[in-house]
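Note sheet for the following structure.
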Amino acid sequence: MKIKRPLLGLAGSFVLGEVLALLDVAAIPWITGAFAAACAAVVLGKWRAKRRVNGAGDGARSAPGPGLRRSRGTGFGVLLLFLAALLAGFGRAQGVRDRLDGEAAWAGKTAGVKVSLTGTVERMEEKEDQTELWLRDAAAKVGREGMEFGRLVVYADSGVAAGGDLESGVRVGGGLESGVRVGGGLESGVRVGGGLESGVRVGTAAGSGAAVGIGSVVRLRGKLEAVAGATNPGEFDFARYYRSKGAACRLYGEELTVADGEMAPYFEGIRRFRLWCARVLERVCEPGDLGVFKAVVLGDQSSMDQGMKDMYRSHGISHLLAVSGQHLAIVGGGIYLLLRKAGLNRGRAGMFGGALVVSYGILTGGSGSALRAVVMILCLWLAGYLGRSYDCLSAMGLAGMWLLWRQPYLLFQSGFQLSFGAVWAIGGLGGLLNEALGAEKGWQRTLICSLCVQMVLAPATVWHYFRYPIYGLVLNLLVVPLAAVLVYSGILGILLGGVCQPAGVMAVGAGHYVLAFYEELCGLFSGLPGYSLLVGRPGWGQILGYGAVMAAGVGVVVGRKTAGRLPGSLAGRLPGSLAGRLPGSLLGRSLGSLPGRPPGGLLGKPPGSLAGRLPGSLPGESPGFRWGGLVAVFLLYILCFCILLPRPQAGLSVTCLDVGQGDGLVFTCAEGTVLVDGGSSSRSGLGERCLKPYLESRAVETVDYAIVSHGDSDHVSGLLELMEGGGVRIRNLVLPRMARGQEDYAGLVRAAGVCGAQVLYMEAGERISLGDLQFTCLYAGNPAQETDTDKNRHSLAVRVSYGRLGLLLTGDMDASCEAGLLRTCGPGDLAGIQVLKAAHHGSDTSSSPEFLERLGPKLVLVSYGNGNSYGHPSPKVLERLRERGSRILETGKCGAILLWTDGKRMECRGWLGSDP
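Here the sequence shown stands for residues 6 to 921, where the numbers follow my numbering.
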């Protein structure tokens, strides 16, 4: 059995093992069964091959050929090798997962308690308001209990600018301009100034006098916490992001002491050189260009304006901002050519160039895409040095196994998926279609590869970002050729600007015009309809369907190319399968291995090859580019993309979002979407980080009604951000009747005017309808309390009806408002209420026994933030609900609460799967 690209196959097995482990699949029985089935398939194949060789049709018997004897055990060997790779991936990922789970569990036990920590600085990032330290081999201790952490993230206030400046070193507080220098290591020292403003005290161990840098051992105290994962659909998963970097916990430091100032000169030197490069760019670049230059040259996107990031992402060219294969190829290729022109031979140029490329990969942050590119470039140079052919897919497999052995959770990161997907699209699918469509010219191959990249990356793009740039194919063909100019302009600006600032300004001028061209193009394309199509997050069935249809379609296109070849291959037409009888299987050998014959196989390239003499193909004649095949591939791309489009909404879906200490509910049916409240007192940026991602993941671009129960910030903060930030359109803003003319609601009214929403005021008896979905106001406050400053008493009581489903929303009503509701409601207003949204986050001032007795809800939703200082939900309220047989779902325990109904039956579950 001959396996083409065995390294790629091993990588696939390794990745499968890691996926099974990280998704916590009980994989061993499946692995055993699959291996047994594969063995059975190999045995069957060998048996059938032996029957064909022995002439089973006429009963003839002969000894098996030498090729068959040699390969008798090969199939089992290959299967064992793939099984070993799968088990290695499974074991590695399971070990990492168990270690990180253990670290997170220990951090959970010590929540709120200050711990003492000692660790070695592995990475440092200085930001405007804080310093981020990544520690390895960290030891934490609380009292007599301790825990070893493989890697830990520490955040300290901005007073720690550890070793960041070549001239100043570590500065704490303002203090004197020159400060007091302690130690001095590598011309940096530690400046100790006022220290009172920073909140972080950086000292040194007795007499050590060392600066903080990469490789330093530090001690500090602070509060340790496990990084929480996503608790809402569409939300960014910070837990997986940190785990992809090898950490599960973070610590907010309040004291930092250098225990051992000995640094790692290589890594610390790279860090300081990066900071120097950043300062040079700040001097030579225009403010609008600075963030992009830092991103493409140094891998630092922290200086980029969010609007600029959104522009690049929405147009499908955000890959230009991530240091990946394209950037490393530009830089690495330039370094290699310069070294060769300097007189170095191929081996030395590759060796020095490889060292510089590795250093550049570390300098840019060591992201998965950058390290993947480094490994592949090194493989390319090594192959050239050894005189061997280079296979990009095998190099990709090697890079993938190495990266995932280091950090298995990289599998779930968008950058990793898009980077490796692009390589497979170009080297795998692109190579296949280039051959099948007869692409020989450079522009033909570029066009096909660009189309392949769009086809392969579409599912990952909409899964992570919910939107798809439908003009991305055309735009990339225009912007990618100029990427080299942008990168070289930035590098030259650093080199010249470090010596002469005007020269650096001139050098980055070329890049400035490239960026201006990019912005003009994006502005032009953004005026086209659907330039950034909202698709939402597709289901797994849609993704599998996309892959199946694409594979089938590509198979058809490639099959039509091979249809004109000799049926059954040349070997199949020779009498008695001559290929199996010729010594050494001459048809499988290269003629270059025979004396006096030129390189190339028997079916090699024309002229003079047998393939060139096949009917319909004259020697030396090219079959030409198949435009029809290209159109077919493009239509296949459109067909596959249609599979990812959102499906029509069936029934009513209700999501009680986990907004922390606050409220936020989304109702979606075929006729539209209604948002009820949307605020939090414990989470900042709720609109951008929770509400907008959730709505976009559900392909909701317009909210028909945004109903505000009352004006407290824990009910409106995110909604206010949503209206001010854009991205999701609000048609109508519905406020409680008692909000009319009140200053507390003026901000909402102004924001509604800016975003074009109509402001409505809801009173008792009024109704909002979207098809079968109805919102009826049962209570809008006591008219005798119009001037009451307690906004909780402004709360609307709204009954939501859909078929037989009855759901009651009560805002932050207290017991007196509940009593008022019971007095004013008619006999049937509260009948058939199956679901209750508990008032005031489960506070004991609400959900009175009389109110619950009247309603008798079967299901109660409680929204609150874990560890809140109010004690919500009240144990008394929960006990009252249990006594009445109500099922309770709490956002603090199960994350977002998802409810679906068709008007007859109802399904409900927690997003995190925790359903007490």
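Where is the CB? At the ideal position from N, CA and C, for every residue including glycine.
Compute the Euclidean distance between the alpha carbons of LEU105 and ALA253, then round it to the nearest angstrom.
-> So the two alpha carbons sit approximately 6 Å from each other.
Could you check how far apart the C-beta atoms of ILE648 and TYR807 are, in whole angstroms? I think they sit under 8 Å.
-> Rounded, the Cβ-Cβ distance is 29 Å, inconsistent with contact.
GLU666 (DSSP reduced to helix, strand or coil) = Going by the sequence as given, residue 666 is Gln instead of Glu. Here GLN666 sits in coil by DSSP.
Label VAL205 either buried or exposed according to how many other C-beta atoms from any shown protein chain fall within 10 Å of its C-beta, with 16 as the threshold for buried.
-> Note that VAL205 scores 39 on pLDDT, short of 50, meaning its location in the model is unreliable and no value can be drawn from it.
Contact under 8 Å by Cβ, LEU462 with ILE453 = No.
Is MET767 helix, strand or coil when you go by DSSP?
-> Note: MET767 maps to strand in three-state DSSP.
Can you tell me whether DSSP reads GLU445 as helix, strand or coil?
-> In the structure shown, GLU445 sits in coil (DSSP, three-state: anything other than H, G, I, E or B).
Quick one: give me the first and last residue of the alpha helix (DSSP H) that ARG1 is part of.
-> What is shown of the chain runs 6 to 921, which leaves residue 1 out entirely.
For LEU917, collect the residues of the same chain with a Cβ closer than 7 Å to its Cβ; drop the 5 residues on either side in sequence, then sort them by chain order.
-> Same-chain partners within the cutoff: THR236, CYS899 and GLY900.
Use the C-beta contact count for ASP663: other C-beta atoms within 10 angstroms, 16 or more gives buried, fewer gives exposed.
-> The residue is buried, with at least 16 neighbouring Cβ atoms inside 10 Å.
Whole-angstrom Cβ separation of LEU727 and VAL721, contact assumed at under 8 Å?
-> About 10 Å separates the CB atoms of LEU727 and VAL721; that is not less than 8 Å, and the two are not in contact.
Quick one: is CYS822 buried, meaning 16 or more other Cβ sit within 10 Å of its Cβ, or exposed?
-> It counts as buried.
Inspect the CB distances between the region 401-421 and the region 363-382 and report whether three or more fall short of 8 Å.
-> Counting C-beta pairs closer than 8 Å gives three or more between the region 401-421 and the region 363-382, which meets the contact rule.
Nearest to VAL222 (by Cα), restricted to the options LEU138, LEU28, ASP305 and TYR869 = Checked all of LEU138, LEU28, ASP305 and TYR869; the closest Cα to VAL222 is LEU138.
Within the region 737-764, note down every full alpha helix (DSSP H) run reaching 4 residues or more, in order along the chain.
-> Fully enclosed alpha helix (DSSP H) runs of 4 or longer: 751-760.
Whole-angstrom C-beta distance between VAL126 and LEU140, which should lie under 8 Å | With a Cβ gap of about 6 Å, LEU140 and VAL126 count as contacting.
Alpha carbon to alpha carbon, how far is ALA89 from GLY22? Give it in angstroms, no decimals.
-> Roughly 10 Å between the two C-alpha positions.
Using the C-alpha atoms, what's the distance from PRO698 back to LEU635?
-> Approximately 36 Å between the Cα atoms of the pair.
ARG450 to GLY436, Cα distance in whole Å?
-> Near 9 Å, if we compare the C-alpha coordinates of GLY436 and ARG450.
If we call anything under 8 Å between Cβ atoms a contact, is ARG542 one with SER702?
-> For the 8 Å CB-CB criterion, ARG542 and SER702 form a contact.
With distances taken from CA atoms, which of TYR257, ARG226, LEU286 and PHE154 is nearest ASP162?
-> Residue nearest to ASP162 within the set TYR257, ARG226, LEU286 and PHE154 is TYR257 (criterion: CA-CA distance).
Euclidean distance between Cα positions of SER374 and SER494 | The straight-line gap from Cα to Cα measures roughly 22 Å.
Cβ-based neighbour list, PHE672, same chain, cut-off 6 Å, excluding 5 preceding and 5 following = The residues are VAL659 and VAL679.
Evaluate PHE241 with the Cβ neighbour count: other Cβ atoms within 10 Å of its Cβ, from every protein chain shown; 16 or more gives buried, anything less gives exposed.
-> PHE241 should be labelled exposed.
Considering only residues of the same chain and omitting the five flanking positions on each side of TYR750, which have a CB-CB separation below 7 Å?
-> Around TYR750: GLY716, LEU740 and ALA744.
In or out: CYS505 buried (at least 16 other Cβ within 10 Å) or exposed?
-> When all chains shown are included, CYS505 counts as exposed.
Continuous alpha helix (DSSP H) assignments of at least 4 residues falling wholly in the region 203-267 | As far as the region 203-267 is concerned, its whole alpha helix (DSSP H) runs of at least 4 residues are 243-248.
Span of the beta strand (DSSP E) around ILE893 = That run of the beta strand (DSSP E) goes 892-895.
Can you grab the Cα-Cα spacing for the pair ARG885 / ASP819, in whole Å?
-> Those two C-alpha atoms are separated by around 16 Å.
Quick one: what's got a C-beta closer than 6 Å to ASN873's C-beta in the same chain, skipping five residues either side?
-> These residues qualify, in order along the chain: GLN666.
Residue(s) in a DSSP beta bridge with SER394 = Looking at the DSSP assignment, SER394 forms no beta bridge with any residue, so it has no partner.
Just the Cα atoms here: how many angstroms apart are PHE95 and PRO11?
-> A straight line joining the alpha-carbon of PHE95 with that of PRO11 spans about 19 Å.
Nearest-angstrom Cα separation, counted from VAL217 out to THR262 | Distance between the alpha carbons of THR262 and VAL217 is about 9 Å.
Apply the 10 Å Cβ neighbour rule to LEU342 and answer buried if 16 or more other Cβ atoms are within range, or exposed otherwise.
-> Exposed: under 16 other Cβ atoms inside 10 Å.
Taking just the CA atoms, how far does GLY731 sit from LEU15?
-> Cα-Cα distance, rounded: 47 Å.
Helix, strand or coil: how does DSSP classify GLN779 here?
-> If DSSP states are grouped into helix, strand and coil, GLN779 belongs with the strands.
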